[in-house]
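First the structure, in the form of structure tokens, and then the observations on it.
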Amino acid sequence: IASSGLLAGDDSRKGPEDRALADREKGFLLLQAGRWREALDMYEACILQSPSVRTEEAFQKEVASAYRELSRAALVGGDMAEALDELERARQWAPTEAFPYLWQGHVYEHKGDAEGALRIYQESLRNVKGQEGREAIRNRIVAILTQRLQAALQRENLSDALESMKALEPHL
20 IASSGLLAGD DSRKGPEDRA LADREKGFLL LQAGRWREAL DMYEACILQS
70 PSVRTEEAFQ KEVASAYREL SRAALVGGDM AEALDELERA RQWAPTEAFP
120 YLWQGHVYEH KGDAEGALRI YQESLRNVKG QEGREAIRNR IVAILTQRLQ
170 AALQRENLSD ALESMKALEP HL
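So for the sequence shown, my numbering puts the first residue at 20; every next one is plus one.
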């Protein structure tokens with residue numbers, strides 16, 4: 020890291036907490052520089068120095084953001100399986116945040132797996148705390164179920180249409 024110009028300094032005289040803080044700062048700078056895998060390496064070093072940092076909400080969000088960005092890179096590269104794996108890691112670090120669930124649901128939608136997306140979105144409503152994020156998730160659920168309802172009506176399948184309406188009702 021010192022050679023990259025992001026942060027320089029001798030950490031050998033510092034205690035574990037100071038080294039953990041320095042590793043976290045390096046991780047954050049790497050995250051901001053778009054070097055997500057390296058950022059995660061620094062965050063892992065931080066945890067090794069100070070395991071209690073793992074419980075800090077801000078730290079959890081930083082790590083989850085790195086995994087989100089790795090998933091974005093995997094999507095751009097066309098690797099949906101890797102994108103889903105990275106988003107699962109993001110969810111583990113930020114289980115009450117909406118973004119990992121929304122991204123994961125979008126990947127399933129992009130794959131044409133509406134059922135997988137609905138499963139993720141419905142699970143997220145049990146976990147996500149922020150009202151804004153919950154509303155975005157509800158909007159995705161309503162959009163998928165509305166498409167399902169419209170398709171059933173076009174096929175004149177009243178049984179499927181009724182099931183879709185029942186599924187929609189709690190979200191309206």
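By construction, the Cβ of each residue, glycine as well, lies at the ideal position given by its N, Cα and C atoms.
{"Query": "From the DSSP output, in three-state form, read off Gly-75 for me.", "Result": "Just to set this straight, residue 75 is Glu in the shown sequence, not Gly. Three-state DSSP puts Glu-75 in coil, outside helix and strand."}
{"Query": "Using C-beta distances below 7 Å, list every residue in its chain close to Glu-105, excluding the 5 sequence neighbours before and after it, in chain order.", "Result": "Tyr-86, Leu-89, Ser-90 and Ala-93"}
{"Query": "Assuming Val-9 and Arg-153 are in contact, meaning their beta carbons sit under 8 Å apart, how far apart are those beta carbons, in whole angstroms?", "Result": "In the structure as shown, the chain starts at 20 and stops at 191, and residue 9 therefore has no counterpart that could be examined."}
{"Query": "When the Cα atoms are used, what is the spatial distance from Glu-57 to Leu-50?", "Result": "8 Å"}
{"Query": "Can you list, in chain order, the residues of its chain whose CB lies under 6 Å from that of Ser-143, leaving out five sequence neighbours each side?", "Result": "Tyr-120 and Ile-156"}
{"Query": "Contact defined as beta carbons within less than 8 Å: I believe Trp-55 pairs with Gln-79. What is the distance between those atoms, to the nearest angstrom?", "Result": "Actually they are not in contact, since the Cβ atoms of Trp-55 and Gln-79 sit about 16 Å apart, beyond 8 Å."}
{"Query": "Taking the alpha helix (DSSP H) that Val-126 falls in, what are its first and last residues?", "Result": "117-129"}
{"Query": "Please classify Arg-43 as buried or exposed, where buried requires at least 16 neighbouring CB atoms within 10 angstroms.", "Result": "buried"}
{"Query": "Taking the runs of the beta strand (DSSP E) that are 3 residues or longer, which of them lie wholly in the segment 133-180?", "Result": "none"}
{"Query": "Look up Leu-191 in the DSSP assignment and say whether it is helix, strand or coil.", "Result": "coil"}
{"Query": "Find the nearest neighbour of Lys-45 within the set Tyr-127, Ala-186 and Ala-64, judged by alpha-carbon distance.", "Result": "Ala-64"}
{"Query": "Within 10 Å of its beta-carbon, does Gln-173 have 16 or more other beta-carbons around it, so buried, or fewer, so exposed?", "Result": "exposed"}
{"Query": "Thinking just about the alpha-carbon of each residue, which of Val-126, Pro-189 and Asn-176 is nearest to the one in Val-95?", "Result": "Val-126"}
{"Query": "Is it buried or exposed, Gln-150, if we count other Cβ atoms within 10 angstroms and call 16 or more buried?", "Result": "exposed"}
{"Query": "Within its chain, find whatever has a CB closer than 6 Å to the CB of Gly-53; leave out the 5 residues flanking it on each side and keep chain order.", "Result": "none"}
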